[in-house]
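Numbers 250 to 315, taken from my numbering, label the letters of the sequence shown in order. From the three backbone atoms N, C-alpha and C, an ideal C-beta is built for every residue, glycine too. Please read the structure below before turning to the comments.
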Amino acid sequence: MKKILLDKQRIVNITGGEKGYFIRFYDFSGDELVFNVLSFVKSNPSDNKIISTKLYPHLVKDLKTG
Numbered sequence: 250m251k252k253i254l255l256d257k258q259r260i261v262n263i264t265g266g267e268k269g270y271f272i273r274f275y276d277f278s279g280d281e282l283v284f285n286v287l288s289f290v291k292s293n294p295s296d297n298k299i300i301s302t303k304l305y306p307h308l309v310k311d312l313k314t315g
């Protein structure tokens with residue numbers, strides 16, 4: 250998770266099949282991190298679906314106790 254937060258690389262992966270595409274990407278906004286999957290068919294890209302999940306990054310320093 251630390252590498253993701255440091256690099257801030259938005260696009261994770263783009264995969265395509267015979268009928269459609271899946272684009273996996275992050276949204277970075279302040280301390281918030283959202284993972285998204287956008288899917289659409291090649292024949293009609295405007296008919297798409299997006300699934301988003303808010304992530305709560307827990308770093309090693311957050312888990313250590315005094």
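Bridge-paired residues (DSSP) for residue i
{"i": "residue 269", "result": "290"}
{"i": "residue 304", "result": "282"}
{"i": "residue 298", "result": "288"}
{"i": "residue 314", "result": "For residue 314, which the question treats as bridged, DSSP gives no partner whatsoever."}
Residue i to residue j span [Cα, whole Å]
{"i": "residue 260", "j": "residue 314", "result": "34 angstroms"}
{"i": "residue 251", "j": "residue 266", "result": "31 angstroms"}
{"i": "residue 273", "j": "residue 256", "result": "16 angstroms"}
{"i": "residue 269", "j": "residue 298", "result": "12 angstroms"}
{"i": "residue 291", "j": "residue 281", "result": "31 angstroms"}
Expected contact under 8 angstroms - CB spacing of residue i and residue j to nearest Å
{"i": "residue 294", "j": "residue 254", "result": "No, residue 294 and residue 254 are not in contact; Cβ-Cβ is about 30 angstroms, not under 8 angstroms."}
Among the options, the one whose alpha carbon lies nearest that of residue i
{"i": "residue 296", "options": "287, 302 and 303", "result": "287"}
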